[in-house]
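Report on the structure given below.
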Amino acid sequence: MKYKLEWEYKAKGIDPILFSSDFLDGEHALHAGEELEKSGRAGEISFIDEIGTSWTLKEMRKLLQEVEEEPHDLTVFFDGGFDNFNHKAGLGTIIYFKQGKKKYRLRANEVFDELETNNEAEYAALYFALTILEEMGVRNMTCDIKGDSQVVLKQLEGEWPCYEETLNRWLDRIENKIKELGLYPKYNPVGRKENKEADKLATQALQGKMINSKMQIL
Numbered sequence: 001m002k003y004k005l006e007w008e009y010k011a012k013g014i015d016p017i018l019f020s021s022d023f024l025d026g027e028h029a030l031h032a033g034e035e036l037e038k039s040g041r042a043g044e045i046s047f048i049d050e051i052g053t054s055w056t057l058k059e060m061r062k063l064l065q066e067v068e069e070e071p072h073d074l075t076v077f078f079d080g081g082f083d084n085f086n087h088k089a090g091l092g093t094i095i096y097f098k099q100g101k102k103k104y105r106l107r108a109n110e111v112f113d114e115l116e117t118n119n120e121a122e123y124a125a126l127y128f129a130l131t132i133l134e135e136m137g138v139r140n141m142t143c144d145i146k147g148d149s150q151v152v153l154k155q156l157e158g159e160w161p162c163y164e165e166t167l168n169r170w171l172d173r174i175e176n177k178i179k180e181l182g183l184y185p186k187y188n189p190v191g192r193k194e195n196k197e198a199d200k201l202a203t204q205a206l207q208g209k210m211i212n213s214k215m216q217i218l
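Under full-length UniProt numbering, think of the first position of the sequence shown as 1, with each following residue one higher.
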């Protein structure tokens with residue numbers, strides 16, 4: 001979750017002036033707020049998160065202590081591949097997140113036998129990624145969701161209609177899971193090059209190479 005600061009600048013002889021910052025990660029936002037407080041020139045310091053909730057400086061300190069040990073700052077990549085001959089789908093996901101003071105990358109894939117098209121495999125891959133978030137204990141977080149299927153992401157945003165009953169059922173499953181986890185998703189279509197890690201995992205699943213790993217990154 002990211003936060004922006006809003007504060008009143010107090011100076012002798014003039015009315016208070018309202019300022020606001022860009023969105024910052026929690027640690028940097030809190031540090032900036034504490035520096036403003038020390039200056040003695042800032043009053044009514046507020047932290048506004050990405051969904052519009054407002055926090056005082058005291059509340060922000062407590063919030064970050066609670067969030068620190070949970071997975072947060074989530075970025076999810078997903079991709080689905082389909083073997084037309086065997087009617088099997090390979091699903092791949094890469095999840096980047098922070099926990100404590102450390103950053104991690106989780107890689108996972110799965111093979112699925114009951115799909116009919118490559119488009120359906122893309123929806124299934126995103127649903128698979130959401131089940132991994134559920135296993136991680138993710139709740140009530142913002143989440144960047146990235147994939148090279150504009151169809152899936154634009155339909156989830158409501159920008160493009162979906163006329164296929166099978167795909168609509170997948171949309172419903174995905175939206176219900178997002179609601180169940182309390183996620184606040186941001187959908188970002190990316191090119192195939194940026195999504196190559198998730199694509200490789202989907203291909204490896206079709207080849208029978210199953211992966212589920214977590215590693216700390218710098």
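By construction, the Cβ of each residue, glycine as well, lies at the ideal position given by its N, Cα and C atoms.
Same chain only: Cβ atoms within 6 Å of residue i, ignoring 5 sequence neighbours per side
{"i": "Phe78", "result": "Thr93, Ala125, Leu126, Ala129, Gly147, Ala198"}
{"i": "residue 231", "result": "Because residue 231 is not part of the residues shown, which for the chain are 1 to 218, the question remains open."}
{"i": "Lys177", "result": "Leu130"}
{"i": "Lys103", "result": "Ile217"}
{"i": "Arg192", "result": "Asp148"}
{"i": "Lys196", "result": "none"}
{"i": "Asn212", "result": "Ala108"}
{"i": "Lys154", "result": "Trp160"}
{"i": "Ile14", "result": "none"}
Proximity winner among the options, relative to residue i (alpha-carbon distances)
{"i": "Lys209", "options": "Leu133, Ala108, Glu114", "result": "Ala108"}
{"i": "Leu115", "options": "Leu74, Arg105, Gly81, Lys62", "result": "Gly81"}
{"i": "Glu194", "options": "Ser149, Glu164, Tyr163", "result": "Ser149"}
{"i": "Phe112", "options": "Glu8, Arg61, Asn86, Lys10", "result": "Asn86"}
{"i": "Leu18", "options": "Trp7, Ala11, Met1", "result": "Trp7"}
{"i": "Gly182", "options": "Ile14, Glu159, Asn140", "result": "Asn140"}
{"i": "Glu180", "options": "Ser20, Glu135, Ala89, Leu36", "result": "Glu135"}
{"i": "Gln204", "options": "Thr117, Gly158, Lys88", "result": "Lys88"}
{"i": "Ser20", "options": "Val67, Met1, Ile211, Glu44", "result": "Glu44"}
{"i": "Thr53", "options": "Met1, Ile14, Glu66", "result": "Met1"}
{"i": "His31", "options": "Ala42, Arg61, Asp15", "result": "Arg61"}
{"i": "Thr166", "options": "Lys154, Ala42, Asn118", "result": "Asn118"}
Residue burial classification, residue i (beta-carbon count within 10 angstroms, cutoff 16)
{"i": "Asn84", "result": "exposed"}
{"i": "Leu201", "result": "buried"}
{"i": "Trp55", "result": "buried"}
{"i": "Ile95", "result": "buried"}
{"i": "Ile174", "result": "buried"}
{"i": "Glu164", "result": "exposed"}
{"i": "Ala11", "result": "exposed"}
{"i": "Glu110", "result": "buried"}
Short Cβ contact (8 Å threshold) for residue i with residue j
{"i": "Gly26", "j": "Tyr3", "result": "yes"}
{"i": "Ile217", "j": "Asn188", "result": "no"}
{"i": "Phe47", "j": "His72", "result": "no"}
{"i": "Leu133", "j": "Leu156", "result": "no"}
{"i": "Leu64", "j": "Gly33", "result": "no"}
{"i": "Phe23", "j": "Glu59", "result": "no"}
{"i": "Glu122", "j": "Val76", "result": "no"}
{"i": "Thr131", "j": "Tyr184", "result": "no"}
{"i": "Glu120", "j": "Gly100", "result": "no"}
Cβ-Cβ separation, residue j to residue i (assumed contact under 8 Å), whole Å
{"i": "Leu106", "j": "Lys214", "result": "5 Å"}
{"i": "Leu91", "j": "Val138", "result": "That belief does not hold up - the Cβ atoms of Leu91 and Val138 are roughly 18 Å apart, past 8 Å."}
Other residues of its chain near residue i: CB distance less than 7 Å, five sequence neighbours each side excluded
{"i": "Ala29", "result": "Tyr3, Leu5, Phe47"}
{"i": "Glu37", "result": "Ile45, Leu57"}
{"i": "Leu206", "result": "Gly81, Asp83, Lys88, Gly90, Val111"}
{"i": "Pro16", "result": "Glu8, Tyr9, Lys10, Gly43"}
Own chain, CB closer than 8 Å to residue i, minus 5 neighbours either side, in chain order
{"i": "Asn168", "result": "Cys162"}
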